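Notes follow the structure.
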Amino acid sequence: MQHSYMKFFDNLVSEEDRMIRATARKFADREIAPHAHAWEEAEDFPRELYKKAGDAGIMGIGFPEHAGGAGGGPMAQIMAIEGLLRGGSTGVAVGLFSAGIAMPPLINAGNPQLIERFVKPTLAGDKVAALAVTEPGAGSDVAGITTRAVKDGDDYIVTGNKIFITSGVKADILTTLVRTGDDPHQGVSFLVIEKNMPGVIVSRSLKKTGWRASDTAELAFDEVRVPKSHLVGSEGAAFILLMQNFQMERLALAAYGALSAEIAYEEAIAYAKERKAFGKKLTGFQVTRHKLADMGTKVLTAKTLLYQVANRMEAGEEVIAEVSMCKNFCAQIAQEVCYDAVQILGGMGYMRESIVERLSRDVRILPIGGGTTEVMKEIISKRVGY
54 MQHSYMKFFD NLVSEEDRMI RATARKFADR EIAPHAHAWE EAEDFPRELY
104 KKAGDAGIMG IGFPEHAGGA GGGPMAQIMA IEGLLRGGST GVAVGLFSAG
154 IAMPPLINAG NPQLIERFVK PTLAGDKVAA LAVTEPGAGS DVAGITTRAV
204 KDGDDYIVTG NKIFITSGVK ADILTTLVRT GDDPHQGVSF LVIEKNMPGV
254 IVSRSLKKTG WRASDTAELA FDEVRVPKSH LVGSEGAAFI LLMQNFQMER
304 LALAAYGALS AEIAYEEAIA YAKERKAFGK KLTGFQVTRH KLADMGTKVL
354 TAKTLLYQVA NRMEAGEEVI AEVSMCKNFC AQIAQEVCYD AVQILGGMGY
404 MRESIVERLS RDVRILPIGG GTTEVMKEII SKRVGY
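Start counting the sequence shown at 54; every next residue gets the next number (my numbering).
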């Protein structure tokens, strides 16, 4: 961390987890940073990066060793995110970590055959995995999905559409939420669908405001025949698995927000110390100093909340409301700090070559992805009891 006050966090993060962050940072400096701008402009990054990340042990961070992972808990995953984001492309980090939301249902409920066939190759970087949940008519309301899986002998026949699927273009493996019954919650199941199965169609690669280096797909399933052995757990078990999955996804999104704010803050400080206006540096103006002070306070507060919630989750405590609060707060702080950073950088903050410009676009998805701010507030209300 570049600023001395950030040592405040040292007692919230173990030495082992700080080493994970350092390892991910070195990987990002070597493999991502030199290409980040070009990959953002191309709206893609090479598939080989998954294998490089797998070989470096990055892909397996936060996953159990029996499934091919490197071990560690929620804090380890946050440290990996922090390290990778230092490479300058949130899109690359999000793309690499699509396995982080696609593989947990298989690890938590899948049989050893599914883990051996799909999880281990993914965490090794040999396969790319995506979670296929959202549909054109069902986003945060996952109980409203209509993609249907109908039994036919030893198979399911899957028909439907998915949209906004991170890594959906590159993915070999799709952990897909399907409707196997009529009950809104108990009638949904997870099936592992392989991209090369007949009837799986990438309808289009979607163009986005931010996270540009990650691919995002609209998918169609046209009577795809999927073996019953690809069912994750039992029929009707997916809703609980998905709710468990959402907790770590939301915490990860909070981490993207907190660190994006920190990077933007650091960039604003560096620029303000060098840029001159009306004969003096920007830091010579009280309005700039006070803006930076407010930005630093927001970053400190967001990261403190993030780390505290992560530690409580790692200790096995129920933190459903707290995770929702953390996601909302870090998303809000990211918007505010990145906006102020653009303002301090002025015209340069509006140029695509600037990391601040990129972050200001990237953070806009945070109040939407993984459950909207409004949905988070409903969860908080119900858990707190008002």
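Note that the Cβ used here is the ideal one computed from N, Cα and C, for glycine as well. Everything numeric in this text was worked out from a predicted model, so none of it was measured.
Among the options, nearest to residue i - alpha-carbon criterion
i, options, result
"residue 293", "230, 123, 142", "230"
"residue 187", "439, 226, 200", "200"
"residue 273", "267, 252, 266, 286", "252"
"residue 389", "424, 374, 427, 350", "350"
"residue 408", "324, 424, 133", "324"
"residue 73", "103, 133, 124", "133"
"residue 167", "327, 363, 227, 362", "227"
"residue 425", "193, 225, 291, 138", "193"
"residue 298", "246, 284, 151", "151"
"residue 431", "374, 421, 402", "374"
"residue 154", "427, 429, 295, 311", "295"
"residue 234", "269, 221, 255, 198", "198"
"residue 387", "352, 396, 211", "352"
"residue 184", "437, 169, 225", "225"
"residue 126", "171, 203, 300, 263", "300"
"residue 95", "428, 263, 195, 196", "263"
Span separating the alpha-carbon of residue i from that of residue j
i, j, result
"residue 306", "residue 145", "14 Å"
"residue 118", "residue 343", "47 Å"
"residue 236", "residue 313", "40 Å"
"residue 279", "residue 239", "20 Å"
"residue 393", "residue 320", "11 Å"
"residue 360", "residue 65", "6 Å"
"residue 178", "residue 331", "53 Å"
"residue 54", "residue 370", "For residue 54, the pLDDT reaches just 44, beneath the cut-off of 50, and the residue's location in the model is therefore unreliable, although a value from the coordinates is still provided. Distance between the alpha carbons of residue 54 and residue 370 is about 28 Å."
"residue 379", "residue 358", "7 Å"
"residue 97", "residue 90", "11 Å"
"residue 77", "residue 181", "19 Å"
"residue 302", "residue 372", "13 Å"
"residue 244", "residue 285", "6 Å"
"residue 209", "residue 288", "12 Å"
"residue 120", "residue 174", "10 Å"
"residue 417", "residue 249", "33 Å"
"residue 271", "residue 212", "14 Å"
"residue 365", "residue 276", "44 Å"
"residue 80", "residue 341", "34 Å"
"residue 400", "residue 329", "14 Å"
"residue 405", "residue 391", "14 Å"
"residue 402", "residue 422", "25 Å"
"residue 327", "residue 347", "20 Å"
"residue 115", "residue 333", "48 Å"
"residue 247", "residue 61", "46 Å"
"residue 443", "residue 63", "Outside the shown range of the chain, which is 54 to 439, sits residue 443, and nothing can be said about it."
"residue 241", "residue 309", "29 Å"
"residue 427", "residue 195", "15 Å"
Exposure of residue i, with buried meaning 16 or more beta-carbon neighbours within 10 Å
i, result
"residue 122", "buried"
"residue 439", "exposed"
"residue 158", "buried"
"residue 223", "buried"
"residue 419", "buried"
"residue 377", "buried"
"residue 130", "buried"
"residue 70", "buried"
"residue 206", "exposed"
"residue 435", "exposed"
"residue 282", "exposed"
"residue 68", "exposed"
"residue 28", "Within the shown structure, residues of the chain are numbered from 54 to 439, placing residue 28 beyond reach of any answer."
"residue 135", "buried"
"residue 202", "buried"
"residue 172", "buried"
"residue 315", "buried"
"residue 368", "exposed"
"residue 395", "buried"
"residue 437", "exposed"
Nearest-angstrom beta carbon gap, residue j and residue i [assumed within contact, 8 Å]
i, j, result
"residue 265", "residue 93", "5 Å"
"residue 267", "residue 124", "Actually they do not touch by this definition, with Cβ atoms about 26 Å apart."
"residue 356", "residue 291", "33 Å between Cβ atoms; not a contact."
"residue 269", "residue 190", "No, residue 269 and residue 190 are not in contact; Cβ-Cβ is about 18 Å, not under 8 Å."
"residue 447", "residue 112", "Any property of residue 447 remains undetermined from this structure, which presents the chain solely from 54 to 439."
"residue 398", "residue 362", "Incorrect: roughly 31 Å between the Cβ atoms, too far for contact."
Any non-hydrogen atom of the ligand SAH within 7 Å of residue i CB
i, result
"residue 439", "Ligands in the displayed structure: none, and consequently the ligand SAH is not present."
message = Quick check: the region 203-222 against the region 258-269, are at least 3 beta-carbon pairs closer than 8 Å?
response = yes
inquiry  = Whether or not the region 408-420 and the region 334-341 are in contact is what I'm after, with contact meaning three or more pairs of Cβ atoms, one per stretch, closer than 8 Å; do they touch?
reply    = no
request  = Count the C-beta pairs between the region 71-87 and the region 369-385 that are closer than 8 Å, then say yes if the count reaches three, no if not.
outcome  = no
inquiry  = Quick test of the definition: if touching needs 3 or more C-beta pairs under 8 Å, does the region 97-117 touch the region 162-171?
reply    = no
ask   = Are three or more beta carbon pairs between the region 317-332 and the region 136-153 nearer than 8 Å?
value = no
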